[in-house]
Amino acid sequence: MKMVKFAAIMAGLLLVTQVFADEQKFENLNQYFEYLPNAVHKNWITYKANSDYEVLVQFRVKKNGEITDPVIVKSTNEHANNSVLNAVKAGAPYRPLPEKFPGESVNTQIELKFIK
4 MKMVKFAAIM AGLLLVTQVF ADEQKFENLN QYFEYLPNAV HKNWITYKAN
54 SDYEVLVQFR VKKNGEITDP VIVKSTNEHA NNSVLNAVKA GAPYRPLPEK
104 FPGESVNTQI ELKFIK
């Protein structure tokens with residue numbers, strides 16, 4: 004298994020996508036995993052806090068774009084957890100994985116950071 008990170012800064016938020024999959028699967032995923040954190044961010048109603056925080060959410064994306072098992076892996080602000088889970092669920096189903104993607108699904112982690 005290999006991990007690849009993609010990062011984007013949007014309106015004071017740092018979005019980091021971590022993808023865990025077999026190495027041969029990555030060649031078809033770069034564009035998809037530039038799209039995915041933006042799609043999650045679009046649905047995220049940020050929890051306003053007096054200090055920075057980060058939430059790491061993990062879920063599996065199926066070949067058809069449906070998601071399963073969204074769960075918070077790490078959080079520095081418990082109050083933000085529901086807003087992140089709701090954003091992940093609200094965006095589903097996402098775009099289907101690339102046609103040439105050899106697997107049925109890919110495990111994904113997106114780290115959302117609120118930077119005050």
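Going by our numbering, the first residue of the sequence shown is number 4, and it counts up by one from there.
Where a beta carbon is used, it is the ideal one built from N, C-alpha and C, also for glycine.
In angstroms, rounded to a whole number, what distance separates the CA positions of residue i and residue j?
i      : j     : result
Tyr56  : Ala95 : 24 Å
Glu104 : Trp47 : For clarity, residue 104 is Phe in the given sequence; the question names Glu instead. Going from the Cα of Phe104 to the Cα of Trp47 covers about 28 Å.
Asn84  : Ile75 : 7 Å
Ile70  : Lys92 : 8 Å
Leu59  : Lys77 : 5 Å
Asn80  : His44 : 17 Å
With distances taken from CA atoms, which of the options is nearest residue i?
i      : options                     : result
Gly106 : Thr71, Lys119, Asn84, Lys66 : Lys66
Lys119 : Ser54, Tyr50, Asn41, Ile48  : Ser54
Pro1   : Val91, Lys92, Ser108        : In the structure as shown, the chain begins at 4 and stops at 119. Residue 1 is therefore absent and cannot be evaluated.
Ala90  : Thr79, Glu37, Glu102, Gln61 : Gln61
Ala52  : Leu59, Gly68, Ser86, Val64  : Ser86
Glu114 : Pro40, Asp72, Arg63         : Pro40
Tyr38  : Lys116, Phe117, Pro101      : Pro101
Phe36  : Thr49, Asp72, Gly68         : Gly68
Can you pull the DSSP bridge partners for residue i?
i     : result
Tyr56 : Phe117
Ile75 : Val60
So for residue i, helix, strand or coil by DSSP?
i      : result
Phe62  : strand
Pro101 : coil
If I'm right that residue i touches residue j with Cβ under 8 Å, what's the distance once you round it to whole angstroms?
i      : j     : result
Asn110 : Arg63 : 5 Å
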